[in-house]
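If you count by our numbering, then the sequence shown holds residues 177 to 559, one letter each, in order.
Backbone N, C-alpha and C fix where the C-beta goes; we use that ideal spot for every residue, glycine too.
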Amino acid sequence: RYVSKENIIRKKTGLRINPYFSASKIRYILEHAKNGEERMNKGELLFGTVDSWIIYKMTQGKVHATDVSNASRTLLYNIFEMRWDMDLCKLFDINPNMLPEVKENTADFGEASFFGGHVHIHGVAGDQQSALFGQCCFHKGESKNTYGTGCFMLMNIGEEPVLSKKGLLTTVAWKINGITTYALEGSVFIGGAVVQWLRDEMNWFKDSSLSEEYAKRKPDTAGVYFVPAFVGLGTPYWDDDARGAIFGLTRGADRHNITRAALYGIAYQSKDVIDMMKKEAGLDLKVLKVDGGASANSLLMQFQSDILGVEVRIPKCVETTALGAGYLAGLGSGFWKSLEEVEKCHTSARLFSPKMDPKEAKKLYQGWKAAVKATRVFKVKNP
């Protein structure tokens, strides 16, 4: 029912049909909750993402609202017209009256009633969009990558949305003073999780933070490539059937080489996504701003800089999602008057500049592409 409409949904929302987004989950709840449909149509049920639930509770039920970035992740919000889309609501059989009011990120979302004073709620944003704002990626082409269990990359593409042909998501980044900023988003399924696998399943080290020291015991990968497709491959391949593989093993390769290859695999996957973003948006990348747990790994960050050929910056405050919400609240409350004032507050803790010969980087990346191609050829069907 929904898959046949995927192209229409994508053209309105910039998203793929996926249970990660809200619409299908709303439909499931309505179908399985007692008298769900009837209660919805009577106005007894409200929908909201986590932010709107928190706002509703903090204002003692006086405000049912969300921001543009969270709304844009529901499969119900038209990112071109910046409104709830009645055709999509009809497609998913959702009464639009249950949806929250959509506001700008720095709007007044009401007064929190339990802090003993008059505290107004201003900064509201989705997780990754807030991190993009927290990294001060305010200009077209500026990008951030969060290295967690997976990797999440967002690129500011300015005031005009671009629909990807290769599986990137288009999202509303933020809307401030009537101006909407959009972003392209790509995801890597397995980032830091590959280090966890080496730690837990292979027992090569006791703590993930030791992976850098472990990998540094050998100066290179000895020709090994590690494709960590444990749960398939994300952007730009979208191959759910791919499985993890290690290529290039010789008798001279050991666990230290393989650990280095695993770290390099995170950087290669990030380059896959970033190269696609550059191509789809027609924008260049001069600096990559990074955060997340794995950004503490200097070996990984240096190789990321080498393979991309750009500077990699780690902020002084790595909790960039919280920082972004704080910046938005400061703008909304008038503490800061402009984005330029916010930028002055943002500082970098560490910088990594490319040290590798570009020809060597190109050669290594070609090897990675060959490894991915071979991985996708090898398919094992479950018995």
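Identity of the residue in the options nearest residue i by Cα
i: Ser319; options: Met258, Asp451, Thr250 and Ile230; result: Asp451
i: Lys545; options: Val403, Leu206 and Glu335; result: Val403
i: Thr497; options: Gly190, Val407, Gly299 and Met258; result: Gly299
i: Gly420; options: Trp260, Phe554 and Ser200; result: Phe554
i: Gly399; options: Asn473, Thr435, Lys531 and Glu377; result: Thr435
i: Gly424; options: Asp417, Cys265, Leu540 and Gly343; result: Leu540
i: Val278; options: Cys327, Val244 and Thr356; result: Val244
i: Leu476; options: Leu267, Lys187 and Glu389; result: Glu389
i: Arg249; options: Trp260, His240 and Val239; result: Trp260
i: Val548; options: Leu251, Ser385 and Tyr444; result: Tyr444
i: Asp269; options: Ile422, Met216 and Met329; result: Met216
i: Asp416; options: Thr551, Phe314 and Tyr204; result: Thr551
i: Gly302; options: Ala349, Thr397 and Trp380; result: Ala349
i: Ala470; options: Asp383, Thr347 and Pro272; result: Asp383
i: Met262; options: Leu461, Ile205 and Lys188; result: Lys188
i: Met180; options: Leu267, Ser514, Ala525 and Ala247; result: Here residue 180 is Ser; the residue named in the question, Met, does not match the sequence. Closest by alpha carbon: Leu267.
i: Glu336; options: Gln304, Lys351 and Arg427; result: Lys351
i: Val364; options: Gly441, Ala472 and Phe290; result: Gly441
i: Gly326; options: Ser446, Ala501 and Ile185; result: Ser446
i: Gln304; options: Phe285, Met331 and Gly293; result: Met331
i: Asp396; options: Ala429, Asn379, Asp376 and Gln372; result: Ala429
i: Ser385; options: Arg427, Gly468 and Phe314; result: Gly468
i: Ile184; options: Tyr253, Glu207, Glu280 and Trp229; result: Tyr253
i: Lys316; options: Ile333, Gly310 and Phe328; result: Ile333
Segment limits, beta strand (DSSP E) that includes residue i
i: Leu507; result: Leu507 -> not in any beta strand (DSSP E); alpha helix (DSSP H) instead, spanning Thr496 to Ser509.
i: Phe328; result: Cys327 to Gly334
i: Asn321; result: Ser319 to Tyr323
i: Arg489; result: Glu487 to Pro491
Rounded Cβ spacing between residue i and residue j (contact assumed at less than 8 Å)
i: Val486; j: Ala438; result: Actually they do not touch by this definition, with Cβ atoms about 22 Å apart.
i: Thr282; j: Leu504; result: 5 Å
i: Ala537; j: Ile483; result: 5 Å
i: Thr242; j: Pro195; result: Wrong, their Cβ atoms sit about 19 Å apart, outside the cutoff.
i: Leu339; j: Gly508; result: No, Leu339 and Gly508 are not in contact; Cβ-Cβ is about 30 Å, not under 8 Å.
i: Leu464; j: Asn321; result: 6 Å
i: Phe223; j: Ile255; result: Wrong, their Cβ atoms sit about 18 Å apart, outside the cutoff.
i: Leu409; j: Ala359; result: Rounded, the Cβ-Cβ distance is 22 Å, inconsistent with contact.
i: Pro412; j: Gly343; result: 6 Å
i: Asn198; j: Leu264; result: The sequence given here places Ser at residue 198; Asn does not occur at that position. The pair is not a contact, with the Cβ atoms about 11 Å apart (cut-off 8 Å).
i: Phe258; j: Thr356; result: Contrary to the premise, residue 258 reads as Met rather than Phe in this sequence. Confirmed, about 6 Å.
i: Val466; j: Val449; result: Incorrect: roughly 13 Å between the Cβ atoms, too far for contact.
i: Arg526; j: Leu345; result: In fact, because the Cβ distance is near 29 Å, the residues do not count as touching under 8 Å.
i: Lys394; j: Asn433; result: 5 Å
Residue i (DSSP reduced to helix, strand or coil)
i: Ala359; result: strand
i: Leu251; result: coil
i: Arg393; result: coil
i: Tyr401; result: strand
i: Trp141; result: The question about residue 141 has no answer, for the chain in this structure spans 177 to 559.
i: Thr242; result: strand
i: Val370; result: helix
i: Leu339; result: coil
i: Val407; result: coil
i: His296; result: strand
i: Asp430; result: coil
i: Asp415; result: strand
Extent of the continuous alpha helix (DSSP H) to which residue i belongs
i: Trp350; result: Not the alpha helix (DSSP H): Trp350 falls in the beta strand (DSSP E), residues Leu345 to Ile352.
i: Ala307; result: Asp303 to Gly310
i: Ile230; result: Val226 to Met234
i: Ala199; result: Ser198 to His208
i: Ala421; result: Here Ala421 belongs to no alpha helix (DSSP H); instead the beta strand (DSSP E) covers Ala421 to Phe423.
i: Gly212; result: Gly212 to Asn217
i: Thr189; result: Glu182 to Thr189
Cutoff 9 Å: residue i Cβ touching any chain C Cβ
i: Leu484; result: Within the model displayed, chain C is absent; a lone protein chain is all it includes.
Distance cut-off 8 Å: residue i Cβ against heavy atoms of the ligand MG
i: Trp380; result: Absence of the ligand MG from the depicted structure is noted, as is the absence of any ligand whatsoever, leaving it without description.
Beta strand (DSSP E) runs contained entirely in the region 434-482, provided each spans 3 or more residues:
463-467
Considering only residues of the region 522-555, which uninterrupted beta strand (DSSP E) runs meet the minimum length of 3 residues and lie entirely inside it, listed in chain order?
524-528
Sequence ranges, beta strand (DSSP E) only - wholly within the region 266-292, length at least 3
277-279
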